[in-house]
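Here is the structure we will look at.
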Amino acid sequence: MENNIEAEGLVLHYGSTRALDGVDLSAPAGTVLGVLGPNGAGKTTAVRVLATLLRADAGTARVAGHDVAREPQAVREQIGLTGQYASVDEDLTGRQNLVMIGRLLGFSRPEAHARATDLLARFSLTDAGGRPAKTYSGGMRRRLDLAASLVNRPKVLFLDEPTTGLDPRSRNEVWDTVRGLVDDGTTVLLTTQYLEEADELADDIVVFDAGKVVARGTSDELKHRTGAQTLTARPRDRRDSPVVLQVLEQVTGAVPTTDGRGTSSVPVPSEALLGAVLDQLTVRGVAVSELAVRLPSLDDVFFALTGSSTTPTPEASLA
Amino acid sequence: MTTMTPPRPTAPLPTRATSGNALQQALTLAWRNVVKTRRQPEALMDVSLQPIIFTVLFVFVFGGAIAGDWRTYLTYLVPGILVQTLMFATGGIGVALNNDITKGVFDRFRSLPIARSAPLIGAVFADVVRYLTATVVLLAFTFALGFRTTQGLPAVVLAVAVGIGFAMCLSWVFVWIGLKVRSAGAVQGVGFLATFPLTFGSTALVQADTLPGWLQAFTKNNPVTHLIDTVRGLLLGGPVAEPLAWTAGWGALLLVVFVPLAMRAYRRRV
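Chains as they are written, first to last, in UniProt numbering: chain R, 1 to 319; chain L, 1 to 270.
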């Protein structure tokens, strides 16, 4: 499949800080690439390079088939950008913001107004369209930001922490919008600090730390790669707990633990042992109310990945 | 790719803008600034009150001492105050640009396929509203005090046009400063440092021959002096061609030096 975002070996310095330290990225057309990482990991810097706002010191990047350094205007024709920094004008109304962008893109006055009307309706801002953006709630404001980045029907959309600071309902609205755009064939690069968000939206995830990509893959691949899985078993009758512990230890060869509710858990290399545990419990006549192998959450993965590399380099602490 | 069908959600995009449409883009962005000003009329407070306050202060405080009586001084002063007001009004652009950058509005513009120069030219165009406001307030107020031009309306219009034209050239200095300096407050500070010596060290308030020799040398070569002499000639009679040529030369020089500097700062500003 054709990649709509493709970056190789991006390096960018802020003074002596290496904000990007050899970053490779790729996103096939019509997919969501989630860029995950702590504050200062270089997520925003990477977006700014791909959106032609910053020039990398080394490396190449192509967005929608155009080189960001050599053909920035061609890239700009195909992208939309939404982030805490690429903002709408608070003093203008929602409609005026959208009309202004349409006019800047070369739409005639009626075309710009028609496009604004469409977008306001699509983002449930029709009633608020005549009010200055500074009177909007956080969620409305973010929807207007999104609408503003869609005026030119971009092929590639950059969303830099699009839901930071939003309440859960507004966040879900933004997610639905993103899903709709991807269904229409838009390629989305989304940076986020929320693992749940990457889990919900992203086809592929890259994890940034201190300007480097420290892991990449689908959400499931990342969960499989890092940390063991956990087998948990809870007997229907609390008094069977010792038997459960015994079985778990016997089958897995590891020492299980029990929590206050009588759930025993033990790390396992794969789901394969689930059957053996069930057999043994059945043989001993123990009824279970819960028996499962759980993948580590993306949170576990994230902390395992970024936590393991926190030998505090000056870059990491500065960035 | 122009079609006569009304735009629908599925309609093909209109022809995209390129650098060729820089002027239309600049005008769109100027419109944005005018809309903002209309929403916050207090943004015009400085340019509406300043000419009145300066006129009152200079005419009634210094008028008697400098010219014997305030009415005589008023006639001398109006061209000077007009230019001084315009000079002070140019500084606002740096503050406005700095705010746009800090708030992220410029990053949106920079991610659009528009001419790099459009946001800056748009801001310069938009300030014409400020200049016109200042000019109209000043002329109306001094007319009420008794100031009369001797040269007729076309000359007044020309004087205002020259003044605003020069202000638009000078504002590129503040565009550059606004892009270079980190905070809006600092822009204002640097701006005053530049405009005060230029306006006070000119023939705005007193005739050059009353000044010590070293200051006369500065004053006579000060671009603001040339502009004031031009405006004075147009409003009250006197030589116009020579100071106008100097003014145009200075204006062109400002553009040649500061437009590229501002554009470079704009491209580099992170």
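Where a beta carbon is used, it is the ideal one built from N, C-alpha and C, also for glycine.
query	result
Where the beta strand (DSSP E) containing ILE79(R) begins and where it ends	79-82
is_contact[residue 352(R), chain L] using C-beta, thresh 7 angstroms	Given that chain R is displayed from residue 1 to residue 319, the structure contains no residue 352(R) and the question cannot be resolved.
Buried/exposed call for GLY64(L), threshold 16 Cβ in 10 Å	exposed
Per-residue DSSP class, three states only, for GLN229(R)	strand
Unbroken beta strand (DSSP E) run spanning LEU133(L), endpoints	This sequence places Thr at residue 133(L); Leu is not what is there. Taken as a continuous stretch (DSSP letters only), THR133(L) belongs to no beta strand (DSSP E), being part of the alpha helix (DSSP H) at 128-145.
Beta-carbon spacing of THR60(R), GLU111(R) below 7 angstroms	no
Where residue 322(R) sits in the DSSP three-state scheme	Any property of residue 322(R) remains undetermined from this structure, which presents chain R solely from 1 to 319.
Proximal chain L residues relative to MET100(R), where beta-carbon distance stays under 8 angstroms	THR28, LEU29, TRP31 and ARG32
Sheet register partners of GLY217(R) (DSSP bridge)	ILE205(R)
Contact set between ASP107(L) and chain R, taken where Cβ atoms lie within less than 9 angstroms	ARG48, ALA51, LEU53, LEU81, GLY83, TYR85, ALA86 and SER87
Exposure label - SER270(R); buried when at least 16 CB within 10 Å	exposed
Neighbour flag for ARG76(R) against chain L, beta carbons, 7 angstroms	yes
PRO7(L) - DSSP class collapsed to helix/strand/coil	Confidence in PRO7(L) is poor, its pLDDT being 39 and thus under 50, which makes the residue's placement unreliable; the coordinate value appears in the next sentence. The answer is coil: DSSP assigns PRO7(L) none of H, G, I, E or B.
Rounded distance between the beta-carbons of GLY139(R) and residue 376(R), thought under 8 angstroms	Because chain R here runs from 1 to 319, residue 376(R) falls outside it and cannot be looked at.
Cβ shell of ALA198(R) (< 6 angstroms), same chain only, five flanking positions each side left out	GLY34, LEU36, THR192 and ILE205
Cβ-based burial, THR282(R) [other Cβ within 10 Å; buried from 16]	exposed
Cβ pair LEU190(R), LEU159(R) closer than 7 angstroms	yes
Neighbour-count burial assignment, LEU49(L), 16 or more Cβ in a 10 Å radius	exposed
Through-space distance from ASP57(R) to GLY15(R), alpha-carbon basis	12 angstroms
Closest Cα partner of ASN4(R) within the set THR164(R), ASN152(R) and ARG62(R)	ARG62(R)
Residue 323(R) (DSSP reduced to helix, strand or coil)	Past the edges of chain R, shown from 1 to 319, lies residue 323(R), and the structure says nothing about it.
Coarse secondary structure for THR150(L), derived from DSSP in three states	coil
Straight-line gap, LEU54(R) to ARG48(R) (C-alpha atoms, nearest Å)	5 angstroms
Interface flag, ARG131(R) vs chain L, CB-CB below 7 angstroms	no
Cutoff 7 angstroms: ARG103(R) Cβ touching any chain L Cβ	yes
Short CB-CB distance (under 7 angstroms) between GLU315(R) and chain L	The pLDDT assigned to GLU315(R) is 38, lower than 50, so where the model puts this residue is not dependable, and the model offers no usable value.
Within chain L, the residues that ALA148(R) reaches when beta carbons sit closer than 9 angstroms	ARG108
Cβ neighbours of ALA134(L) in the same chain (closer than 6 angstroms, five flanking residues each side left out)	VAL47, PRO51, THR85 and ALA89
7 angstroms Cβ cutoff met for ALA116(R) and VAL88(R)	no
is_contact[LEU77(L), chain R] using C-beta, thresh 7 angstroms	no
For TYR14(R), the first and last residue of its enclosing beta strand (DSSP E)	3-14
Alpha helix (DSSP H) segment containing THR177(R), residue limits	168-183
For LYS155(R) and THR15(L), the rounded distance between their alpha carbons	Because the pLDDT at THR15(L) is just 45, under 50, the model does not fix this residue reliably, and the value given afterwards should be weighed accordingly. Whole-angstrom Cα-Cα distance: 16 angstroms.
Start and end residues, alpha helix (DSSP H) containing VAL83(L)	70-90
C-alpha distance - LEU254(L) paired with ASP167(R), whole-angstrom precision	51 angstroms
Sheet register partners of LYS212(R) (DSSP bridge)	ASP209(R)
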